[in-house]
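One structure is given below, encoded as structure tokens.
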Amino acid sequence: MPDVTFGVKVTPELKEKIEQFIKDSDFDTHKEWFQHLLSNYDLYHLKQQDGTKRYASDLDYIVQNLTRVQETIVQMMKKTTDEVVHQEAEWTKASDEIQQQLQQSEQFRKNLESQLIETEEQINQHKKN
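Just so you know, this note's numbering puts 75 at position 5 of the sequence shown, and the rest follows in order with no gaps.
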């Protein structure tokens, strides 16, 4: 079954606040954010029910562990991003150095070509005399 659209009229301030929450979250879509919000809401209410209160500490423990796993994943992703940025900087530096060497080689080639032309002219002058 296809997804349906859900909309609510809210104040501009509340809309801005919700948009900021979604933007600051690690979710790719508004749908994922709302699913997570409802999951947390359901979990909260389940912990409040008399029949499940005995599992409240277990649920808290699971949530703590899930939070740690999420934090570990975030750190891994940040580390990967940092490594990519560092690698790109190294490649840029190496590229710049190679470009500079290429320019120096080109200048050296032009100097040698100029010297060769000058030497050939001197030889031709010497042959004429």
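Idealized CB from N, CA, C, for every residue including glycine.
| query | result |
| --- | --- |
| Could you name the residues of the same chain whose beta carbon sits closer than 8 Å to that of isoleucine 92, not counting the 5 residues immediately before and after it, in chain order? | His100, Trp103 |
| Between glycine 77 and leucine 129, what straight-line distance do the alpha-carbon atoms span, to the nearest angstrom? | 32 Å |
| Give the straight-line distance between the Cα atoms of glutamine 134 and aspartate 166, rounded to the nearest whole angstrom. | 48 Å |
| Compute the Euclidean distance between the alpha carbons of isoleucine 168 and serine 175, then round it to the nearest angstrom. | 10 Å |
| Starting from the N-terminal side, write out each stretch of the alpha helix (DSSP H) that is 4 residues or longer and does not extend beyond the region 116 to 143. | none |
| Roughly how many angstroms separate the alpha carbons of isoleucine 143 and threonine 75, rounded to a whole number? | 31 Å |
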